[in-house]
Each structure stands twice: as C-alpha cells, then as structure tokens.
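Engineer: Numbering (our numbering), first residue to last: 31 to 208.
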Ligand SMILES: [Zn+2]
Ligand SMILES: [Zn+2]
C-alpha cells in the first residue's frame, strides 16, 4: 500500500536526546504513521488496521527537549443517543517537555539519553478517544418510550422535553474534568 507517510517501527519513535541537548536549538521533525501495535496500544475504539498519524517537531533547549505537534487517529463506535454506528477522527495538539533533570512538574523524564515518544503518543490517543461519541452534535436520539429514531422523524408519544433533558446531560458532561 502506498501512503504519503512512511510506516515506521518503534525504534524510529526514539530520539537521541544526548546529541540534541549538546546543541540547544537543534530541531528534528517527525512525520509518520504508526500502527497501534507498534506503540503497545490496543483499544476497541480504534478502527482496526488504521494507523495513527504523528506529526511532531522536537527542539532542544538548555534544560530539555520540547515536543510539539499533532497526533491523529480514527475511532469507531456507537452514537450514545441514537446507537447508530459511526466513525470519527481525533486530532490532538500536543506540547510536551522532556528533561534529564525534572524542574517542570509536568515534564517527562529522559532516561538513558533517549526520548521515547511512544508512551506519550499512546497516552495522548487513549485520553482523547471518546467513551460516548455522538453521530453529530445535535443528534436527537431515540424516543425513550417507543424507540423511534427522532433524527428521522418524530413519534406520537407525548413529548415531555426530551431535547431539554439531553441538553442538561450535555451541560453536566461539559462540567466534568477531562
Ligand atoms: Zn446519533
Ligand atoms: Zn416515541
């Protein structure tokens, strides 16, 4: 299969931190696809045989290596309201710091002079995959009484504010911490 990006093995997700830290300002670009298995990622929400796209720029500073860029993946599932199967895409902007000596509490530790990007890519994808996706933001869902898909028409059940209840649920969901 010919894709624009090269499919890489796990060793290519490793960066020689020693070399980069010797020269602050060194920039390395990563632009490739990895299979989930390559980074020990197994999750039923990911579409099988679909790669994760990684576009990262690593730059060395005097006290660490900054990794910035975008990670994208394709998921599938069922709409939480109407139960229709759906396929969607996550695109996550990342901005991480790797340090030999941790001075920033959010930084990742550089061990053995190597930055291994695989754990960060894996965690980023796992955090972003939706547990309860929607087929579209305004999905009307199923009638709780008769099961009619309200996206394709209303039913004759008495309406007691189904839409309102959905929006209350969504408001609660938005208040939950990530
Ligand atoms: Zn839906
Ligand atoms: Zn109904």
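For each residue, glycine too, the CB sits at the ideal point set by N, CA and C.
In chain order, what residues of the same chain have a beta carbon less than 7 Å from the beta carbon of residue 99, not counting five sequence neighbours either side?
Structural biologist: Reading the chain shown from its first residue, position 69 is the one you call residue 99. These residues qualify, in order along the chain: 85, 86, 87 and 124.
Engineer: Closer than 7 Å to a non-hydrogen atom of ligand 2 - does that hold for the CB of residue 173?
Structural biologist: The residue you call residue 173 lines up with position 143 of the chain shown. Yes, the beta carbon of residue 173 sits closer than 7 Å to at least one heavy atom of ligand 2.
Engineer: Can you tell which of 103, 128 and 116 has its C-alpha closest to the C-alpha of residue 63?
Structural biologist: The residue labelled residue 63 in the question sits at position 33 within the chain shown. When each option's Cα is compared against that of residue 63, the closest is 103.
Engineer: In the DSSP assignment, what residue or residues form a beta bridge with residue 144?
Structural biologist: Taking the chain shown and counting its residues from 1, the one referred to as residue 144 is at position 114. DSSP, once it has assigned bridges, lists 46 and 141 as partnering residue 144.
Engineer: What does the alpha-carbon distance come out to for the pair residue 134 and residue 119?
Structural biologist: Counting from one through the chain shown, the residue named residue 134 turns up at place 104. Counting from one through the chain shown, the residue named residue 119 turns up at place 89. Between residue 134 and residue 119, the C-alpha separation is close to 31 Å.
Engineer: Taking 7 Å as the cut-off, does the CB of residue 164 come closer than this to any heavy atom belonging to ligand 1?
Structural biologist: Residue numbering aside, residue 164 sits at position 134 when the chain shown is read from its first letter. It does: the Cβ of residue 164 is within 7 Å (strictly closer) of some heavy atom of ligand 1.
Engineer: Going by alpha carbons, who is nearest to residue 168 out of 140, 181 and 92?
Structural biologist: In the chain shown, counting from the first residue as 1, residue 168 sits at position 138. It is 181.
Engineer: Can you find at least 3 beta carbon pairs, one from the stretch 91-98 and one from the stretch 50-67, that sit closer than 8 Å?
Structural biologist: Because the criterion of three Cβ pairs below 8 Å is met, the stretch 91-98 and the stretch 50-67 touch.
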